[in-house]
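Below you'll find the structure, written out as structure tokens, and then a few comments.
Residue numbers (the working numbering): -6 to 126.
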């Protein structure tokens, strides 16, 4: 009702903005965990048929995505922009998901920076108090 009186609908965009305003850490954590788990699951689905390549035989650079924890590690490392040369996706779909993972990771890291920056922004009365001192 409040949104309709203000002249707009409470769609998903508004709900995310309201969540970020009221509960920034919870909303960020929920978005991060959802992205990490879903992307790791997709990587495991598309890369798992190729896990039979041994990492140490014949200098092949394929990584073992047989376990979900390996996929989680891959997604977290890719999202953090660190990357690790020994872990790569070998299928075209897996590489596409890796690209999306890197973009989502950059978005989430910038969102975290915005949340931390918002904590350090002073309210007007706080800034007045400091200038008075």
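Quick reminder that beta carbons are idealized off the backbone N, C-alpha and C, glycines included.
Local Cβ density within 10 Å of residue i, reported as buried at 16 or more and exposed below that
i, result
"residue 125", "exposed"
"residue 116", "exposed"
"residue 37", "buried"
"residue 113", "exposed"
"residue 2", "exposed"
"residue 54", "For residue 54, the pLDDT reaches just 48, beneath the cut-off of 50, and the residue's location in the model is therefore unreliable, leaving the point undetermined."
"residue 80", "buried"
"residue 142", "Residue 142 lies beyond the range of the chain shown here (-6 to 126); nothing can be said about it."
"residue 133", "This structure cannot settle anything about residue 133, because the visible part of the chain is limited to -6 through 126."
"residue 7", "exposed"
Closest by C-alpha distance to residue i, when choosing among the options
i, options, result
"residue 9", "-1, 117, -2, 23", "23"
"residue 21", "95, 121, 105, 119", "105"
"residue 25", "-3, 120, 63, 103", "103"
"residue 35", "16, 61, 11", "61"
CB-CB length for residue i against residue j, believed under 8 angstroms
i, j, result
"residue 90", "residue 32", "6 angstroms"
"residue 29", "residue 68", "5 angstroms"
Hey, is the region 88 to 101 in contact with the region 67 to 74, meaning 3+ C-beta pairs nearer than 8 angstroms? yes
Do the region 77 to 95 and the region 103 to 114 make contact, defined as three or more Cβ pairs closer than 8 angstroms? no
Alpha helix (DSSP H) runs contained entirely in the region -2 to 43, provided each spans 4 or more residues: 5 to 15, 17 to 40
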